[in-house]
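Just below is one structure, and these are the notes that go with it.
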Amino acid sequence: MTNKWMWCVFLGMYTGLWAQKTTPELQSLTKKAAEYAAISDQIWDWAEMGYQEVQSSALLAETLRKQGFKITMGVAGIPTAFVAEYGESGPTLGILGEYDALPGLSQQAIPMLAPAGGLAGHGCGHHLFGTASVAAAIEVKNFLSRTGTPGKIKFFGCPAEEGGSGKVYMVREGLFNEVDVVLHWHPASTHSASAAASLANKSAKFRFRGISAHAAAAPDQGRSALDAVEAMNMMVNMMREHIPDGSRIHYVITDGGKAPNVVPNFAEVYYYARDKDRQVVMNIFDRIVKAAEGAALGTETQMDYEIIGGTHELLPNLTLQRMVHEKLVQVGGYSYSESEKEFAESIFKTLEKPLPISTAEKIVPFKEVGTPGGSTDVGDVSFAVPTVGMRIATWAPGTPSHSWQAVAAGKTSIAHKGMMVAAKTITLSAIELFEKPKLIEQAKVEFIQRRGKNFTYTPLIGDRTPALDYRN
1 MTNKWMWCVF LGMYTGLWAQ KTTPELQSLT KKAAEYAAIS DQIWDWAEMG
51 YQEVQSSALL AETLRKQGFK ITMGVAGIPT AFVAEYGESG PTLGILGEYD
101 ALPGLSQQAI PMLAPAGGLA GHGCGHHLFG TASVAAAIEV KNFLSRTGTP
151 GKIKFFGCPA EEGGSGKVYM VREGLFNEVD VVLHWHPAST HSASAAASLA
201 NKSAKFRFRG ISAHAAAAPD QGRSALDAVE AMNMMVNMMR EHIPDGSRIH
251 YVITDGGKAP NVVPNFAEVY YYARDKDRQV VMNIFDRIVK AAEGAALGTE
301 TQMDYEIIGG THELLPNLTL QRMVHEKLVQ VGGYSYSESE KEFAESIFKT
351 LEKPLPISTA EKIVPFKEVG TPGGSTDVGD VSFAVPTVGM RIATWAPGTP
401 SHSWQAVAAG KTSIAHKGMM VAAKTITLSA IELFEKPKLI EQAKVEFIQR
451 RGKNFTYTPL IGDRTPALDY RN
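When you line the sequence shown up against the working numbering, it's residues 1 to 472, in that order.
Structure (structure tokens):
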């Protein structure tokens, strides 16, 4: 009797676990994997930069429209931003999707440096991000419809994450005011749903105007705008010694003149300032402005600047993070085929710090504190509504983001497998929240505690309109 009883217990546990892994929603995602791979590949091919994602946003919006979502295009004054929603009452969950590419990362889907001939590439995997999030939104909609569970699902089509701060305008517009929880994810080279961290960021383009003249025949009559840029850069570089540890300043000269024998009458430099504390970022940025003013004074040129982007740091929510981690563990990682191993091993030869291929099979143990690295406009969302995310392996392990290696992997079965892990985890997480609304309430309590009861949201972009031409 004892052995029979133990066998029944084991069979019951096994059957329960099997049922968890084969819900109708997960079955549907598995069946549609090739369809979603094709969508992500199409967006990879287009590789549209921030605020230029006309085809990418239209494809994702139309995919949702065909599944019964109500679509509102051009939200927050951004032509490529949209909201898709389904449901009438009950808790409202949001899912974020991105789809912008990075300039200068054109690359073929092969494991060697080989530009594809375009202007940009998906070095951060946003083609996967947007597609997996759409897939999850559709399956959550199917769950609500199938079970009659009260609730609403909203997909937020978010352009220009890479420096354009698209979500900041959406937060400022109040688009997240009626949302209870927001879920998101991001491509990476490992699977992790630990508490993440990011750096607050403020960016601007500084433009100097001088006087043209022949650089040899009449140099005394010229005033070089490029001299002003170089003087500004020198002062900011000296300033690096006198900013807090962990702060970051970086720049690129976007226009330095056209010919050496012509004193440039126009020059432009694009600056980022970052820190884990947005107040520190604002202080550093103010000092950068002073350097620009000093450079203009010393070179007898005129200066103005345009704020391009500005984002808050991420506000963690451990109530949500622990739940999503559990769902990620339930979904699990994936193994490499022989051809995928060959691709990864070729990529490894180009990396400084490759990780074992078996990394893709494992979930990183949960951690309550993240280490800030880059910046994301998800930070502003996290100060508007309880927000939770994860990172999923879509590249050869050890691949850094914003690299040609990440672009190359983005149109492979490695990326497609990771994308579906993300879609399944978001789907299970959203279903958990709809089935257990007390989790939402707990998350809201933590959210208020961390943000502060008297918090007032102030966007770092100020009141400027979206910088729709910042990639031009």
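All C-beta atoms, glycine included, are put in the ideal place defined by N, C-alpha and C.
Helix, strand or coil for H186 per DSSP? Strand, per DSSP.
Using alpha carbons as the reference points, say which of A295, V134, P159 and T458 lies closest to G77. The residue among A295, V134, P159 and T458 with its C-alpha nearest the C-alpha of G77 is P159.
With distances taken Cα to Cα, identify the nearest neighbour of T394 among E178, M73 and G125. Measuring from the Cα of T394, the nearest candidate turns out to be G125.
Let me check one thing: in DSSP terms, what residues is C158 bridge-paired to? Answer is E98, bridged to C158.
If you count every other CB in all the chains shown that lies within 10 Å of the CB of K31, and 16 or more means buried, which is it? So K31 counts as exposed.
Could you spell out the range, first to last residue, of the alpha helix (DSSP H) harbouring I288? DSSP places I288 in the uninterrupted alpha helix (DSSP H) bounded by R278 to T299.
What residues are listed by DSSP as bridge partners for N177? N177 is bridged by DSSP to nothing; it lacks a bridge partner.
Is it the case that the region 181-197 contacts the region 351-371, given that we only count it when at least three CB pairs across the two stretches are under 8 Å? Short answer: they touch.
Going by DSSP, name the residue or residues bridged to D255. DSSP lists E268 as partners of D255.
Specify whether the region 120-140 and the region 36-43 touch according to this definition: at least 3 beta carbon pairs, one from each stretch, less than 8 Å apart. Under the Cβ criterion (8 Å, minimum of three pairs), the region 120-140 counts as touching the region 36-43.
Run through DSSP, which three-state label would A114 get? DSSP places A114 in coil when its eight states are reduced to three.
Would the beta-carbon of G389 fall within 8 Å of that of W185? For G389 and W185, yes; Cβs fall inside 8 Å.
How would you label A273, buried or exposed, when you count the other beta carbons within 10 angstroms and need 16 or more for buried? Classified as buried, A273 has 16 or more neighbouring CB atoms from the shown chains inside 10 Å of its CB.
Paired residues, beta bridge with M73 - DSSP: Looking at the DSSP output, M73 shares a beta bridge with F82.
Are the region 275-286 and the region 146-164 touching by the rule of at least three beta carbon pairs closer than 8 Å? Contact fails: fewer than three Cβ-Cβ distances are below 8 Å.
Is A204 near I357, with beta carbons less than 8 Å apart? The criterion of a C-beta distance shorter than 8 Å is not satisfied by A204 and I357.
So the alpha helix (DSSP H) M479 belongs to, where does it begin and stop? Residue 479 lies beyond the residue range present for the chain, which begins at 1 and ends at 472; the question has no answer from this structure.
Tell me whether the region 217-224 and the region 345-355 touch, counting them as touching only if at least three CB pairs, one residue from each stretch, are closer than 8 Å. Contact fails: fewer than three Cβ-Cβ distances are below 8 Å.
Does the region 320-338 come close enough to the region 421-435 that 3 or more CB-CB pairs lie under 8 Å? The region 421-435 is in contact with the region 320-338.
I'd like to check one pair, R207 with E300: are the Cβ atoms closer than 8 Å? No, these two residues do not count as a Cβ contact at 8 Å.
Identified DSSP bridge partners for V262: DSSP, once it has assigned bridges, lists H214 as partnering V262.
CA-to-CA distance, K258 to N472, given in whole angstroms: N472 and K258 have their C-alpha atoms spaced approximately 17 Å apart.
When you compare only the Cα positions, how much space is there between L102 and H127? Distance from the CA of L102 to the CA of H127, rounded to the nearest whole angstrom, comes to 11 Å.
Should the region 138-148 be called in touch with the region 373-384, which here means at least 3 C-beta pairs below 8 Å? They do not touch, by the three-pair rule.
Name the DSSP beta bridge partners of R391, please? As a beta-bridge residue in DSSP terms, R391 pairs with H186 and S192.
Beta-ladder partner(s) of K476, from DSSP: Past the boundaries of the shown model lies residue 476; the chain is included only from 1 to 472, so the question cannot be answered.
Identity of the residues DSSP links to R209 by a beta bridge: In the DSSP assignment, R209 is bridged to F266 and Q302.
If we count the other Cβ atoms within 10 Å of its Cβ and call it buried at 16 or more, is K424 buried or exposed? Per the 10 Å Cβ criterion, buried.
V269 vs V229 beta-carbon contact at 8 Å: In this structure, V229 lies closer than 8 Å to V269 by Cβ.
Do S56 and F82 have their CB atoms nearer than 8 Å? No. Outside cutoff.
In this structure, does DSSP put A273 in helix, strand or coil? Of the three classes helix, strand and coil, the one that applies to A273 here is strand, per DSSP.
Straight-line CA distance for D227 to L320? D227 and L320: Cα-Cα distance of roughly 51 Å.
Tell me which residue opens and which closes the alpha helix (DSSP H) that T30 is part of. Run containing T30: P24 to K31, per the alpha helix (DSSP H) assignment.
Whole-angstrom distance between A291 and A37, CA atom to CA atom: Rounded to the nearest whole angstrom, the CA to CA distance from A37 to A291 is 48 Å.
How would you label N201, buried or exposed, when you count the other beta carbons within 10 angstroms and need 16 or more for buried? It counts as buried.
Only counting runs of 4 or more residues, tell me where the alpha helix (DSSP H) segments fall wholly within the region 115-140, in order along the chain. Qualifying alpha helix (DSSP H) stretches: none in this window.
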